[in-house]
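In the numbering used here, the protein residues as written are 298 to 522.
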Amino acid sequence: MAKDYTPLDLNPYRNAGIDVLGGQRNVPLGSQIFHGLPFAIGTGDACFMLLGGDDRDCRTIPIGATATHLIVAHRLLDSSIYDGAPIGALVAEYVVRYADGGSERSPIRERFEIAAIPTGWGQLPFLALPDRNDALWSRDEGRWSNAGNRQTEGVQGTALAYYLWPWANPYPSRTIEALEIVPAGPRFLVAAITLSSLPEEPFRRGGPLDVKVTLLQQADAECPF
Numbered sequence: 298m299a300k301d302y303t304p305l306d307l308n309p310y311r312n313a314g315i316d317v318l319g320g321q322r323n324v325p326l327g328s329q330i331f332h333g334l335p336f337a338i339g340t341g342d343a344c345f346m347l348l349g350g351d352d353r354d355c356r357t358i359p360i361g362a363t364a365t366h367l368i369v370a371h372r373l374l375d376s377s378i379y380d381g382a383p384i385g386a387l388v389a390e391y392v393v394r395y396a397d398g399g400s401e402r403s404p405i406r407e408r409f410e411i412a413a414i415p416t417g418w419g420q421l422p423f424l425a426l427p428d429r430n431d432a433l434w435s436r437d438e439g440r441w442s443n444a445g446n447r448q449t450e451g452v453q454g455t456a457l458a459y460y461l462w463p464w465a466n467p468y469p470s471r472t473i474e475a476l477e478i479v480p481a482g483p484r485f486l487v488a489a490i491t492l493s494s495l496p497e498e499p500f501r502r503g504g505p506l507d508v509k510v511t512l513l514q515q516a517d518a519e520c521p522f
């Protein structure tokens, strides 16, 4: 899978350490696997690309490759929804620029492609995934106060540090020259970007399906399957 999903080297563009996250210290850094995909996050004093706020400068990240998807691990630092503002505020625009001169522009909106951490229950972004997987409740142990939760069996994954937003390239055969990040106001950070070369959705959206296999030959049916 590693050759099909390639993390970009963002070290030349990182300008902030974990201090920008306030008191949070349990932050995944370095080489990480989220939902089975590889991501390269910075370490030391330069872990992230910090954008927005007083810094409205654009960042241009060279790519020089084809890709079916770009998966961005990012996080909003300044959230307005807890102050009663409506969701959907524009945080930035991610502009994919092709080598032939064309471009594709995507809005990055609060509670859609990006969100702040922590969020309240039900406040996950609609179009991005948290960096932690869903889980199962234990059937045999746990606090009595969680008895109702165990009946649901599933535990919704929440973000520890990042949200993962997959961008589907409408022109996968065209070489992507660069990704331009255009801040729109609120502070946010980009931790990692991974390219996909596979014609598949990076994240599984549906549940597992039952498959029925019918063996037409009696000899095949009698052999160990």
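Cβ atoms here follow ideal geometry from the backbone N, Cα and C, with glycine treated the same way.
Secondary-structure assignment with DSSP links Val508 through no beta bridge to anything. DSSP places Arg402 in the strand class (E or B) of the three-state scheme. The three-state secondary structure of Ile315, taken from DSSP, is helix. DSSP, read as helix, strand or coil, puts Ala382 in coil. Annotation for Ala488: the continuous beta strand (DSSP E) segment containing it runs 485-493. Classified as exposed, Glu497 has fewer than 16 neighbouring CB atoms from the shown chains inside 10 Å of its CB. In the DSSP assignment, Arg394 falls within the unbroken beta strand (DSSP E) covering 387-395.
Three or more beta-carbon pairs separated by less than 8 Å are not found between the region 328-348 and the region 469-477, which leaves the two stretches without contact. The three-state reading of DSSP puts Arg408 in coil, since its state is none of H, G, I, E or B.
With a cutoff of 8 Å on beta-carbon distance, His366 and Pro499 are scored as near each other. In the DSSP assignment, Ala364 is bridged to no other residue. Ile368 is the residue among Ile368, Asp507, Lys509 whose C-alpha sits nearest the C-alpha of Tyr391.
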